[in-house]
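To keep things clear, I will list the structure first and then write my remarks on it.
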């Protein structure tokens with residue numbers, strides 16, 4: 002798998018490249034800012050671009066802007082955004098209404114090689130990756146009594162994984178449960194929360210996130 | 047000078063009365079009155095306004111007035127009939143018109159005695175040339191044989207050069223046409239000057255111009271009348287009668303300034319009604335008849351002046367305006383920027399200034415206070431903004447420095463951990479795992495710290511996103527109803543910190559089950575309301591947090607209100623200007 006990295010810290014970039022290469026992924030280029038990233042992406046046509054959200058010149062959300070541009074010009078490239086902070090707004094801005102091949106993770110996750118490479122692979126395969134801490138935050142947010150309180154602990158777990166962007170199969174693998182059981186849980190959760198979502202797990206991510214933000 | 051004038055007048059009239067036919071004592075009294083009033087009014091003006099040349103000019107006009115009368119001795123038995131004395135008398139009779147030339151200069155140059163521009167200078171020069179020329183014509187072409195009032199009695203004119211009656215007739219006609227033209231010219235110059243004058247200049251000069259205008263018009267009329275066959279004696283009587291209008295008009299002009307001095311009394315009354323800088327300016331403008339009058343107060347250094355509305359005043363003013371400093375104890379209290387015409391009567395401006403001095407000093411203090419207040423307000427808001435900028439900088443330094451380095455360090459530790467794993471060193475692996483976990487905790491703490499200092503999302507996406515982000519982290523449900531409109535960074539930061547502090551208070555003290563954060567932009571302000579359903583009864587003076595925020599809010603030009611009725615929750619309302 003071919004990757005490109007964009008981050009204004011050379012040290013971090015190099016470290017990340019090392020980690021990824023040791024995990025068997027190929028880093029074909031590195032960029033220090035959004036302009037470099039777009040040029041590099043056009044040149045290398047990688048499977049995934051891993052992009053720091055905050056880059057020169059304004060150190061604001063240049064990474065997000067570049068991701069949107071990249072999505073428009075080269076939709077085949079998966080994009081994984083890294084950030085020092087988790088912000089729901091960022092995720093909403095990134096995903097739009099087509100979450101395929103997009104990811105958003107805290108920068109800390111890079112050090113957890115197993116989880117990180119799995120996330121990169123999921124994005125490369127067209128899946129969605131949402132920072133677990135953000136999902137935990139949304140799920141754990143204090144709210145008035147409501148349908149969420151009706152969920153069993155297992156159902157909450159399934160809901161969180163759906164929000165993180167996992168497909169049914171991936172949830173099966175993570176929880177080591179049978180596909181049938183998982184499907185039952187998914188149906189149960191969606192039913193209790195009255196979330197209307199088809200079998201397409203991409204749409205499901207959006208619906209679940211919208212529910213968690215809104216409730 | 048007055049005595050000399052009186053003497054000259056009496057001598058001239060004695061000569062006239064004793065000498066002239068058909069010359070009544072009434073005429074003599076009138077003549078002397080005209081001359082004396084010029085000299086008298088001139089002396090008064092000279093003394094009262096040493097800066098103006100009008101006084102001396104009027105005195106000159108008065109003296110030249112008597113030249114013509116001196117000329118009346120011509121042909122009177124018992125008076126010089128030959129030699130230099132006769133020549134002097136004839137010359138006086140011929141150049142009596144000089145009085146009109148000086149008078150023209152006086153009228154045109156009123157009130158300063160200085161001619162305003164090239165055209166006026168040329169005109170006056172032409173007037174002098176025409177009148178002197180006309181005098182010469184009379185001197186060299188007057189043949190006593192042709193005079194109607196002394197047939198055969200008058201001594202021969204020793205200066206007679208033009209003996210041919212036809213030529214003499216032509217020369218007289220040319221001279222009188224020239225005089226007619228310059229009289230018309232005077233009318234034109236006066237009209238031109240009137241049109242070009244400012245309001246206060248007109249107000250001050252109107253009577254004099256009126257008199258000059260009437261005289262000029264009368265002279266033109268008389269000249270035309272003579273041509274039309276009117277009796278020259280009657281005509282010259284009319285002109286002389288009108289001459290008296292000039293010093294009289296001057297006196298009226300002086301009286302009018304006297305009236306203006308009386309208006310200073312009204313000014314004092316007006317000032318007792320209101321002490322607002324703006325009202326003082328208006329009252330002064332009315333008193334001095336200068337609607338464009340500006341009052342300037344020195345603020346701080348002497349170079350900076352603020353007007354009555356607290357706006358900077360640009361000095362020196364445009365060319366048609368000038369300044370008068372009002373001083374008190376050697377210190378400039380204010381400057382008056384006024385019409386140049388008022389300089390003709392500095393006494394009036396000074397009197398008005400003196401009458402208004404206390405009020406003006408008071409107003410200066412008001413303006414100064416207001417400007418200082420403005421300065422303090424501006425500096426307070428600059429301090430707040432500088433603080434915000436500093437917070438943003440610290441957050442960014444943390445993000446780009448410590449956080450980035452620690453994230454890189456976490457990567458390095460991970461690589462070392464992998465190596466230790468491969469080298470089958472469980473002790474080292476465990477140590478490195480512990481280090482990684484510690485580092486992760488440190489990263490998390492640092493992240494929270496940086497967010498507390500200044501959340502990046504506030505700068506990036508604005509108040510609504512930042513409050514939403516705050517709500518996701520709150521220990522009790524927070525309903526967020528914040529409009530997406532953006533406001534200036536400083537205002538959004540203030541609003542954000544108000545929400546943070548209000549929420550922190552709710553979490554700590556209110557025992558609330560829900561909080562609502564509402565923010566709306568409306569009518570040029572951002573209104574933020576944080577409402578909880580807690581126990582209320584909070585004392586706003588107890589916590590320093592909200593008081594500190596009240597300072598911050600008012601530094602931004604806003605207000606902070608706090609309502610906490612016991613048992614009915616608490617609401618914090620902040621209003622911040624956001625145009």
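Protein chains in written order, with my numbering: chain E, 2 to 216; chain W, 47 to 625.
In this text, a Cβ means the ideal position worked out from N, Cα and C, and glycines have one as well.
Query - Cα-Cα separation, residue 15 of chain E to residue 25 of chain E - result: On the first chain, residue 15 of chain E is found 14 positions in, with the first residue counted as 1. On the first chain, residue 25 of chain E is found 24 positions in, with the first residue counted as 1. If you take the alpha carbons of residue 15 of chain E and residue 25 of chain E, they lie about 15 Å apart.
**Report entry** Burial state of residue 470 of chain W (16 or more Cβ within 10 Å)
**Finding:** The sequence position of residue 470 of chain W within the second chain is 424, counting from 1. Answer is exposed; the Cβ neighbour count stays below 16.
Query raised in the report: For residue 576 of chain W, does the three-state DSSP call read helix, strand or coil?
Result: Counting from 1 along the second chain, the entry for residue 576 of chain W is found at position 530. Strand, per DSSP.
Report task. Run through the stretch 514-550 of chain W for me and flag every whole beta strand (DSSP E) of 3 or more residues, listed as ranges in chain order. Result -> 524-528
Query raised in the report: Is there a Cβ from chain A that is less than 7 Å from the Cβ of residue 138 of chain E?
Result: Absence of chain A from the displayed structure is noted, the protein chains being E and W.
Query raised in the report: Going along the stretch 49-71 of chain E in order, which residues come within less than 8 Å of chain W, judged by CB to CB distance?
Result: 55, 60, 61 and 62
Query raised in the report: Going by Cα to Cα distance, which pick from W:235, W:566 and W:559 is closest to residue 533 of chain W?
Result: Position 487 of the second chain, counted from the first residue, corresponds to residue 533 of chain W. Of the candidates W:235, W:566 and W:559, the one whose C-alpha sits nearest the C-alpha of residue 533 of chain W is W:566.
Requested in this report: Taking only beta-carbon positions, decide if residue 92 of chain E is within less than 7 Å of chain W.
Outcome: What you label residue 92 of chain E is simply residue 91 of the first chain in a count that begins at 1. No, no contact with chain W.
Query raised in the report: What residues from chain E crowd round residue 482 of chain W, counting only those whose CB sits closer than 8 Å?
Result: Stepping through the second chain from its first residue, residue 482 of chain W is reached at position 436. Going along chain E in sequence order, the residues near residue 482 of chain W (Cβ under 8 Å) are 112.
Report task. Indicate the three-state DSSP secondary structure (helix, strand or coil) for residue 373 of chain W in the structure shown. Result -> Counted from its first residue, the second chain places residue 373 of chain W at position 327. Of the three classes helix, strand and coil, the one that applies to residue 373 of chain W here is strand, per DSSP.
Query - residue 104 of chain E (DSSP reduced to helix, strand or coil) - result: Position 103 of the first chain, counting from 1, holds the residue named residue 104 of chain E. Three-state DSSP puts residue 104 of chain E in a strand.
**Report entry** Spatially closest choice to residue 8 of chain W from W:548, W:553 and W:558, by CA coordinates
**Finding:** Nothing can be reported for residue 8 of chain W: it is not among the residues displayed for chain W, which extend from 47 to 625.
Query raised in the report: Taking Cβ-Cβ distances shorter than 7 Å, what residues in chain E pair up with residue 507 of chain W?
Result: Counting from one through the second chain, the residue named residue 507 of chain W turns up at place 461. By Cβ distance, chain E contributes 90.
Query raised in the report: How many angstroms separate the CA atom of residue 625 of chain W from the CA atom of residue 124 of chain E?
Result: In the second chain, residue 625 of chain W corresponds to position 579, counting from 1. In the first chain, residue 124 of chain E corresponds to position 123, counting from 1. For residue 625 of chain W and residue 124 of chain E, the distance between alpha carbons rounds to 44 Å.
Query raised in the report: According to the neighbour-count rule (16 or more other Cβ atoms, all chains shown, within 10 Å of its Cβ), is residue 326 of chain W buried or exposed?
Result: In the second chain, counting from the first residue as 1, residue 326 of chain W sits at position 280. By the neighbour-count rule (16 or more Cβ atoms within 10 Å), residue 326 of chain W is buried.
Query raised in the report: Can you find a C-beta in chain W that's less than 7 Å from the C-beta of residue 84 of chain E?
Result: In the first chain, the residue the question calls residue 84 of chain E occupies position 83. So, not an interface residue.
Report task. Label residue 621 of chain W either buried or exposed according to how many other C-beta atoms from any shown protein chain fall within 10 Å of its C-beta, with 16 as the threshold for buried. Result -> In the second chain, residue 621 of chain W corresponds to position 575, counting from 1. Residue 621 of chain W is buried by the Cβ-count criterion.
Query raised in the report: Roughly how many angstroms separate the alpha carbons of residue 555 of chain W and residue 593 of chain W, rounded to a whole number?
Result: Locating residue 555 of chain W in the second chain gives position 509, where the first residue counts as 1. Locating residue 593 of chain W in the second chain gives position 547, where the first residue counts as 1. Computed Cα separation, rounded: 16 Å.
Requested in this report: For residue 375 of chain W, count neighbouring Cβ atoms within 10 angstroms of its own Cβ and tell me buried if that reaches 16, exposed if not.
Outcome: On the second chain, position 329 is the one that residue 375 of chain W refers to. That one is exposed.
Query - Neighbour flag for residue 523 of chain W against chain E, beta carbons, 7 Å - result: For the purposes of this step, residue 523 of chain W is taken as the residue at position 477 of the second chain. With 7 Å as the cut-off, residue 523 of chain W counts as an interface residue toward chain E.
**Report entry** Proximal residues to residue 577 of chain W (C-beta, below 6 Å), its chain only, five neighbours per side dropped
**Finding:** Residue numbering aside, residue 577 of chain W sits at position 531 when the second chain is read from its first letter. So the qualifying residues of the chain are 562 and 617.
Query - Coarse secondary structure for residue 500 of chain W, derived from DSSP in three states - result: The residue you call residue 500 of chain W lines up with position 454 of the second chain. Three-state result, residue 500 of chain W: coil.
Requested in this report: Could you name the residues of the same chain whose beta carbon sits closer than 6 Å to that of residue 217 of chain W, not counting the 5 residues immediately before and after it, in chain order?
Outcome: Position 171 of the second chain holds residue 217 of chain W. Cβ within range, chain order: 183 and 187.
Query raised in the report: Would DSSP call residue 197 of chain E helix, strand or coil?
Result: The count along the first chain starts at 1 and reaches residue 197 of chain E at position 196. DSSP places residue 197 of chain E in coil when its eight states are reduced to three.
Query raised in the report: Would DSSP call residue 67 of chain W helix, strand or coil?
Result: To locate residue 67 of chain W, count along the second chain from 1; it is residue 21. With a pLDDT of only 44 at residue 67 of chain W, under 50, the local geometry of the prediction cannot be trusted, and no value is derived from it.
Query raised in the report: What residues from chain W crowd round residue 108 of chain E, counting only those whose CB sits closer than 9 Å?
Result: Translated into the one-based positions of the first chain, residue 108 of chain E becomes position 107. By Cβ distance, chain W contributes 449, 450, 453, 456 and 489.
Report task. Answer yes or no: does any C-beta atom of chain W fall closer than 7 Å to that of residue 207 of chain E? Result -> Translated into positions along the first chain, residue 207 of chain E becomes position 206. No, its Cβ sits nowhere closer than 7 Å to a Cβ of chain W.
Report task. Would you list, in sequence order, the uninterrupted alpha helix (DSSP H) runs of no fewer than 4 residues that lie entirely inside the stretch 310-389 of chain W? Result -> 323-334
Report task. With DSSP as the reference, please indicate the residues paired to residue 405 of chain W in a beta bridge. Result -> Residue 405 of chain W sits at position 359 when you count from the first residue of the second chain. Bridge partners of residue 405 of chain W: none, in fact.
Report task. Name the residue from E:118, E:35, E:203 and E:192 whose alpha carbon lies nearest to the alpha carbon of residue 22 of chain E. Result -> Start at 1 with the first residue of the first chain, and residue 22 of chain E comes out as number 21. If we check each option's Cα against that of residue 22 of chain E, E:118 comes out closest.
Query raised in the report: From residue 95 of chain E to residue 109 of chain E, what does the alpha carbon distance come to, in whole angstroms?
Result: Counting from 1 along the first chain, the entry for residue 95 of chain E is found at position 94. Counting from 1 along the first chain, the entry for residue 109 of chain E is found at position 108. Between residue 95 of chain E and residue 109 of chain E, the C-alpha separation is close to 19 Å.
Query raised in the report: Out of curiosity, what's the CA-to-CA distance linking residue 525 of chain W and residue 380 of chain W?
Result: Residue 525 of chain W sits at position 479 when you count from the first residue of the second chain. Residue 380 of chain W sits at position 334 when you count from the first residue of the second chain. About 58 Å.
Report task. Kindly list, in the order they appear in chain W, the residues whose Cβ is closer than 8 Å to that of residue 23 of chain E. Result -> Looking up residue 23 of chain E in the first chain gives position 22. Within 8 Å Cβ-Cβ: 461 and 464.
Query raised in the report: Using DSSP with H/G/I as helix, E/B as strand and the rest coil, what is residue 565 of chain W?
Result: Numbered from 1 along the second chain, position 519 holds the residue referred to as residue 565 of chain W. In this structure, residue 565 of chain W counts as strand in the three-state DSSP scheme.
Query - Rounded C-alpha distance that separates residue 213 of chain E from residue 188 of chain E - result: The count along the first chain starts at 1 and reaches residue 213 of chain E at position 212. The count along the first chain starts at 1 and reaches residue 188 of chain E at position 187. Taking the straight line from one Cα to the other gives about 17 Å.
Requested in this report: Would you mind sorting residue 111 of chain W into buried or exposed? The rule is 16 or more other CB atoms within 10 Å of its CB.
Outcome: To locate residue 111 of chain W, count along the second chain from 1; it is residue 65. Per the 10 Å Cβ criterion, buried.
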